[in-house]
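The sequence shown begins at 1 in our numbering and counts up by one.
Report on the following structure.
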Amino acid sequence: MKLPPDVQFIKEPRLFIWRPHGVINESAVNKVIGALGHLESRAAEGFNRFSDTLLADSTELNFKFAFHVSLYRRLAYPGPPVKSAILVAEPAMAHYSKMHALLTQGSMLKVRIFKEREAAAKWLGVPNELLEAPPDS
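Here's what the structure looks like:
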């Protein structure tokens with residue numbers, strides 16, 4: 001499976017990165033979930049996730065969709081424990097990210113929301129430079 005253009009998988013340190021551009025809508029989220037599920041099904045071990053939403057123009061999601069996605073991810077991911085850092089600035093994305101973190105509590109997905117890239121890198125245990133958006137973004 002070819003990864004969407006806004007998705008990157010780095011084999012070492014086993015990190016899935018999503019950097020959405022434009023509008024974050026159901027279609028965009030479904031594409032990233034498809035890519036994530038594909039990689040999870042092929043991975044022998046878990047990998048952490050980083051979502052950098054700072055380059056997105058807006059968020060066009062609704063509560064029902066976000067709720068179903070969070071529950072689906074909670075049930076679909078069998079483990080081992082992984083960290084998922086979400087970098088947000090826009091209030092709507094922060095709202096949906098907090099809901100996702102709440103709905104995945106107690107699962108193998110450890111979700112945290114960050115306003116600073118450096119704090120996300122520290123929590124994920126990776127160099128800050130790895131999380132910086134490429135110059136062509």
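No residue lacks a Cβ here, since even glycine has one placed at the ideal position from N, Cα and C.
Short Cβ contact (8 Å threshold) for residue i with residue j
| i | j | result |
| --- | --- | --- |
| G79 | G46 | yes |
| M93 | I24 | yes |
| A120 | F16 | no |
| R1 | A35 | For the sequence presented, residue 1 should be read as Met rather than Arg. In this structure, A35 lies closer than 8 Å to M1 by Cβ. |
DSSP state of residue i mapped onto helix, strand, coil
| i | result |
| --- | --- |
| K115 | coil |
| E26 | helix |
| L109 | strand |
| V82 | strand |
| L130 | helix |
Per DSSP, cross-strand counterpart(s) of residue i
| i | result |
| --- | --- |
| F16 | F9, R49 |
| T59 | I24 |
Other residues of its chain near residue i: CB distance less than 6 Å, five sequence neighbours each side excluded
| i | result |
| --- | --- |
| S97 | I86, V88, I113 |
Close Cβ partners of residue i (< 7 Å) along its chain, the five nearest in sequence each way excluded
| i | result |
| --- | --- |
| V32 | P4, V7, W18 |
Buried versus exposed call for residue i [16 or more other C-beta atoms within 10 Å across all chains shown]
| i | result |
| --- | --- |
| N128 | exposed |
Close-in-space but distant-in-sequence residues of the same chain around residue i (CB under 8 Å, 5 per side omitted)
| i | result |
| --- | --- |
| E132 | R117 |
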